[in-house]
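Participant:
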Amino acid sequence: MHRSVHSAISFLLASGASGVLFADQAVNDQMVTSATPRAATVSMPFVEESAANIVIDGHLDEAAWSIPPANPPLRVTEPDTLALSEWSTDFRVFYTLRGVYVSFDMVQPAKTLVERITARDNVSEVRDRVTVNFDMSGSGLYGYWMSIALGDNLMDGTLLPERQYSREWDGAWYGASQRTDKGWSAEAFIPWSQMSMPATAGERKIGVQISRRVGSRNETWAWPALPDSRASFISEFPKFTLQGVNPRSQWSLFPYASATYDRVDHEARFKAGVDLFWRPSTDLQLTATLNPDFGSVESDEVTVNLTADETFFPEKRLFFLEGQNIFNTTSRATSSSQRFTVVNTRRIGGRPRRPALPPGTRLPLRQAVQPNELLGAAKVTGQRGPLRFGLLGAFEDENSFNVDGTEYLQDGRSFGAFRVLYENSEGDTYRGLGMISTIVAHPDVAAVVHAADFKYLGRDGRWGVDGQVLTSDRDESGRGYGAYADISYNPRQGLTHKLELTALDDTLNVNDLGFQRRNDVREAWYSLEWVKSGLKRIRDFTISPFIRYEVNGDGYRTNNALASSFNFKLNNLDEVEVSGAYFPQRYDDRNSFGNGVFDVATRRSLSFLYRTNTAKRVSVYGKVNVQEEFVGDTTYEAQAGVVWQPHSNFRVDLKTTWFDRNGWLLHQEGRNFTAFDARQWQPSLSADYFPTARQHLSVGLQWVGIRAQESEFYELATDSTALTAVPKPPGPADDFSLSQLSFQLRYRWQIAPLSDLYIVYTKGDSRRRDYLPYSDLFRDSWSDPLEDQLVIKLRYRLGS
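So the sequence shown is numbered by UniProt numbering: it starts at 1 and just counts up by one.
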């Protein structure tokens, strides 16, 4: 008990000192003029587990919560005014040898509380919630974040320097919230066994940062105040010391059983398997899965893509999410505009490699899009001193295809990845140097990738460099080389410059296990972001201009743009966004699908969006967009949506998009192109009901219908890049329709942390059809889908 009292007194004194140290942040007034003062390292209060006796229910009525608050007043970080928060937030934290306990006791008028229950990890919902960020390395190298929303929704993920948040991790921790007489409260228990940390004898150091989201004001308050407009983040967390935290070996076993009834093939399938998570020490974790079932319990977004560029879909499978951040080698692994990653685990168990078929034989579409089954997979992640490492292996089962009554067998693929990363954060700068190697093996083809990556972040994150040098070797295309680097400069709070440089030769290809938009490119992309808050007529604004220039290996200018977006948050929390772009004449070397380079006319685009306050029970938005097509005609787009949330546990989201395309240029065959006049209708509906925060009944419908009529015909010249208008070639009309459908009715019951019962009915279709009315397109997809199945799956966590 003497140890607990001594820690609490030290904590109180240091917390008061830290309040003085952080008080001067407001005078920065949008300027990072010097190093941010850092609070002194303090001892975190320790309590014996038997004495803690905390029930995680959101009520802060246990004696252990009588320790003093750990924080000075929070400051407003979104918008980034750094003003003192109006309502108080008392954050308390202590630890036992099993884990860390945190609580938030918050003052807030009852009429301003925003409670909304959603699925796990929904961070985009505007509502009241609290977040605690942990730097488990103690030196700004890696960490975790956990959030609790009013209503008991939990959110979590990983954190890499300086502010790379990821939701691709789910931990077995406990959190709850309650309304109180003065506002609301929240508490959580996070076992040490759920988080990786360095092997340390004796004293251990971790960083902690907290934030509070106030939904009615659409504001974020935090301590320490490190807004998004500031470059540094995890490296500036206040540090706390712990004694004797070296958790014993931890294990978790996840047996599962599933039953699937396929209504297309009229057959039932039953599967059982197991996932194993073993952490023999704080800095090492081994995971394995045997006979996994990665069935359809979550649907991907419906997208229409008739271009040569692939669409990226995020990972949703728990086994591959756990410990995934070590394989994200650079910030482009999570970028939406410049995504490039050597390891994209969605390739594992993806669409099968097609078998060799006799001439004139065609593989049925349904079989071509069915995912591969996995025999098993294993992964090791850990740390030794300044080195972090990861090893991944996965093995697909053999595939069987039935074509015209004949069975064809195709071997599955084997995947492997090895990653090692050296990190050093001495002197308030971050330096990282890593390498990664991957292999995809199949009897018909093999692909190997080797890459070295580097990262540097100067003091306070003012300067940063992030990049990779890599080579690939594929049996089908040979060896390729490439490199890219991203340079960022943050002269002051609210202003960021970024220069992205890329050089890839025409044979570099990481797409067997990774994701790469294209090769054969030299590109420079400069962008600027200016954020300003504390204004009178509007709450804040963000201006984001960029300029892009890209050429291929033959010197053709394949992409260039000058664009900017202007986002304004009004004082009533409505949002306005205006964006425009100018695309000078360029060349396209991809959308002829290997048949040559063709001219693309100068184009312009302009869009306008208005969205009402999303914290209201009813919010609406509308968007209009005008964009010129490749051959000079114009496409018009209109979007409208409404979100209705009459109760905290019930929500309906309805939206629709309409495209009026004129001169939509699509490749047909050889050197022939057709320009279409097309109409595209894209409605979607989702409804969510939560009987409790751990039960979720949802229904979602997304559909895209396209009706396209031929209008003009073009031929690519053999001796130039000109697209020449020509008479209609002989043959039937090129008119077509396209229908994509995704429907899912899903019930999920979280029996315990990471233990779930799923009952999921899924229907999906994606086919190009004859020119038909919208009603016929939808009816055909609904009555004759490619996928129509019911899945019942039970997964339960056993462990220490």
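Each residue gets a CB set at the ideal place from its N, CA and C atoms; glycine is no exception. Note that the structure is predicted; figures quoted are calculated from it, not measured.
May I have a chain-ordered list of the beta strand (DSSP E) segments no shorter than 3 residues that lie completely inside the stretch 397-449?
Facilitator: With a minimum length of 3 residues, the continuous beta strand (DSSP E) runs that stay inside the stretch 397-449 are 399-403, 406-410, 414-424 and 430-442.
Participant: On the criterion of 16 or more Cβ atoms from any shown chain inside 10 Å, does R270 qualify as buried, or is it exposed?
Facilitator: For clarity, residue 270 is Phe in the given sequence; the question names Arg instead. It counts as exposed.
Participant: Using 8 Å as the threshold, is the stretch 159-167 in touch with the stretch 237-257, meaning 3 or more CB pairs across them?
Facilitator: The answer is no - the stretch 237-257 does not touch the stretch 159-167, with fewer than three Cβ pairs under 8 Å.
Participant: Tell me the DSSP bridge mates of H696?
Facilitator: H696 pairs with R748.
Participant: Let me make sure I understand the geometry here. Which of A687, P292 and T180 has the alpha-carbon closest to that of A110?
Facilitator: Ranking A687, P292 and T180 by Cα distance to A110 puts T180 first.
Participant: Helix, strand or coil: which one does DSSP assign to N53?
Facilitator: Reduced to three states, the DSSP call for N53 is coil.
Participant: Consult DSSP for N218 and reduce its assignment to one of helix, strand or coil.
Facilitator: Looking at N218 - three-state DSSP - the assignment turns out to be coil, as it is neither helix nor strand.
Participant: Can you tell me the Cα-Cα spacing of G349 and T614, whole angstroms?
Facilitator: Straight-line Cα distance between these residues: approximately 38 Å.
Participant: From D128 to I56, what distance separates their C-alpha atoms?
Facilitator: Computed Cα separation, rounded: 19 Å.
Participant: Tell whether a beta-carbon distance below 8 Å holds between A378 and G390.
Facilitator: The answer is no: Cβ separation not under 8 Å.
Participant: Taking only the alpha-carbon atoms, compute the straight-line gap between I487 and A561 and give it to the nearest angstrom.
Facilitator: Each residue's alpha carbon lies about 20 Å from the other.
Participant: Checking 8 Å against the spacing of the C-beta atoms, do W530 and Y489 come in under that value?
Facilitator: In this structure, Y489 does not lie closer than 8 Å to W530 by Cβ.
Participant: How would you call P45, buried or exposed, if buried means at least 16 neighbouring beta carbons within 10 angstroms?
Facilitator: P45 should be labelled buried.
Participant: When we look at the beta-carbon of Y636 and count the other beta-carbons within 10 Å, is it buried (16 or more) or exposed?
Facilitator: Per the 10 Å Cβ criterion, exposed.
Participant: So what does W223 bridge to, in DSSP terms?
Facilitator: According to DSSP, which records beta bridges pairwise, W223 is partnered with I210.
Participant: Which same chain residues end up closer than 6 Å to W525 when comparing Cβ atoms and leaving out the 5 residues on each side of it in sequence?
Facilitator: Excluding positions up to five away in sequence, the list reads E500 and R548.
Participant: Mind checking D589: buried by the 16 CB within 10 Å criterion, or exposed?
Facilitator: Burial call: buried.
Participant: Compute every distance between the C-beta of Y526 and the non-hydrogen atoms of the ligand COA, then say whether any falls below 7 Å.
Facilitator: Ligands in the displayed structure: none, and consequently the ligand COA is not present.
Participant: Looking only at its own chain, which residues have a Cβ that is under 7 Å from the Cβ of M136, when we skip the five neighbours before and after it?
Facilitator: Within the same chain, M136 has close Cβ partners Y142, G143, Y144, M195, S196, M197 and I206.
Participant: Among the residues of its own chain, which have a CB less than 6 Å from the CB of Q25, if the five just before and after it don't count?
Facilitator: With a pLDDT of 35 at Q25, under the threshold of 50, the modelled position of this residue cannot be trusted, and the question is left open.
Participant: Excluding five sequence neighbours on each side, which residues of the same chain lie with their C-beta closer than 6 Å to the C-beta of Q639?
Facilitator: Only K623 and T657 meet the Cβ criterion.
Participant: Buried or exposed: where does A733 fall if 16 or more other Cβ atoms within 10 Å of its Cβ makes it buried?
Facilitator: A733 should be labelled exposed.
Participant: As a quick exercise: from E476, F713 and S742, pick the residue whose alpha carbon is nearest that of N509.
Facilitator: The shortest Cα separation from N509 among E476, F713 and S742 belongs to E476.
Participant: Nearest-angstrom Cα distance between K793 and G273?
Facilitator: Their backbone Cα atoms lie some 11 Å apart in a straight line.
Participant: Assess, as a yes-or-no matter, whether the stretch 416-429 is touched by the stretch 450-468 under the definition of 3 or more beta carbon pairs within less than 8 Å.
Facilitator: Touching, per the Cβ criterion.
Participant: Grab me the residues of N567's own chain with a C-beta within less than 6 Å of its C-beta, minus the 5 sequence neighbours each way, in chain order.
Facilitator: These residues qualify, in order along the chain: T542 and E577.
Participant: Can you tell me which residues form a DSSP beta bridge with K111?
Facilitator: K111 pairs with nothing; no bridge assigned.
Participant: Can you tell me whether DSSP reads D776 as helix, strand or coil?
Facilitator: The answer is helix: DSSP assigns D776 an H, G or I state.
Participant: Tell me whether F676 is buried or exposed, calling it buried when 16 or more other Cβ atoms sit within 10 Å of its Cβ.
Facilitator: Buried.
Participant: How many angstroms separate the CA atom of R479 from the CA atom of V93?
Facilitator: Spanning the two alpha carbons is a distance of roughly 54 Å.
Participant: Would you call A368 buried or exposed, if buried means 16 or more other Cβ atoms sit within 10 Å of its Cβ?
Facilitator: Under this definition A368 is an exposed residue.
Participant: Quick one: using the 10 Å Cβ neighbour count with 16 as the cut-off for buried, is A231 buried or exposed?
Facilitator: By the neighbour-count rule (16 or more Cβ atoms within 10 Å), A231 is buried.
Participant: Using a threshold of 8 Å, state whether the C-beta atoms of V601 and I117 are closer than that.
Facilitator: Checking the displayed sequence, the identity of residue 601 turns out to be Ala instead of Val. No, Cβ-Cβ distance for A601 and I117 is not below 8 Å.
Participant: From W192, L154, T330 and K498, pick the residue whose C-alpha is nearest to that of D283; which is it?
Facilitator: Answer by Cα proximity: W192.
Participant: Run the CB neighbour count on L573, radius 10 Å, all protein chains shown included, and call it buried at 16 or more, exposed below.
Facilitator: Counting Cβ neighbours within 10 Å, L573 comes out buried, since at least 16 surround it.
Participant: Buried or exposed for L387, going by 16 or more other Cβ atoms inside 10 Å?
Facilitator: Exposed: under 16 other Cβ atoms inside 10 Å.
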